[in-house]
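J.:
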Amino acid sequence: MKAAVDLKPTLTIIKTEKVDLELFPSPDMECADVPLLTPSSKEMMSQALKATFSGFSKEQQRLGIPKDPRQWTETHVRDWVMWAVNEFSLKGVDFQKFCMNGAALCALGKDCFLELAPDFVGDILWEHLEILQKEDVKPYQV
1 MKAAVDLKPT
11 LTIIKTEKVD
21 LELFPSPDME
31 CADVPLLTPS
41 SKEMMSQALK
51 ATFSGFSKEQ
61 QRLGIPKDPR
71 QWTETHVRDW
81 VMWAVNEFSL
91 KGVDFQKFCM
101 NGAALCALGK
111 DCFLELAPDF
121 VGDILWEHLE
131 ILQKEDVKPY
141 QV
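With UniProt numbering applied, the sequence shown covers 1 to 142.
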């Protein structure tokens, strides 16, 4: 027994609007083309990151995490990574790779540190760790 199929032609109307092409990159621009960072744009980006990272200070107070990351325990390191993962919706973080205290974490150096997390995730964490270390030094400067 064959089923009867009702095939009726349909008409689809698509509304188009004029778009300001200046809002989009030129067609010959490659997706990988990224504008170079100038000292002023780097400073702006750094200020934006500092503002975003400032939310961690509330978490530090709540959990009793020392300001100096070199004084963190393994638990503090885990709490910091967990905060960053939740704050920035970071994906693919293997918490086991961060099972170390703050002194060990800070002593890794950038290249070794970046191997702990996926691309870009490691950069975000590294930038925040650097800011935290620099902020802790400021009160002691003469």
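Each residue gets a CB set at the ideal place from its N, CA and C atoms; glycine is no exception.
Give me the Cα-Cα distance between residue 90 and residue 98, rounded to the nearest whole angstrom.
T.: Going by the C-alpha atoms only, they are around 15 Å apart.
J.: Measure how close the beta-carbons of residue 69 and residue 105 come, nearest whole angstrom, since I'm counting them as under 8 Å.
T.: Contact flag correct, Cβ pair sits at about 7 Å.
J.: Any chance you could list the alpha helix (DSSP H) runs of at least 4 consecutive residues sitting entirely within the UniProt domain "PNT" (51 to 136), in chain order?
T.: You should have 56 to 63, 74 to 88, 102 to 107 and 110 to 114.
J.: Could you give the distance in angstroms between the alpha-carbon of residue 74 and the alpha-carbon of residue 56?
T.: Each residue's alpha carbon lies about 17 Å from the other.
J.: Identify, in the order they occur along the chain, each residue of the same chain with its Cβ nearer than 7 Å to the Cβ of residue 77, setting aside the five sequence neighbours on each side.
T.: Counting only Cβ-Cβ distances below 7 Å, and skipping sequence neighbours, we find 98, 100, 101, 102 and 105.
J.: Excluding the 5 residues flanking residue 126 on each side, which residues of the same chain have their C-beta closer than 7 Å to its C-beta?
T.: Correct list, in chain order: 110, 113 and 114.
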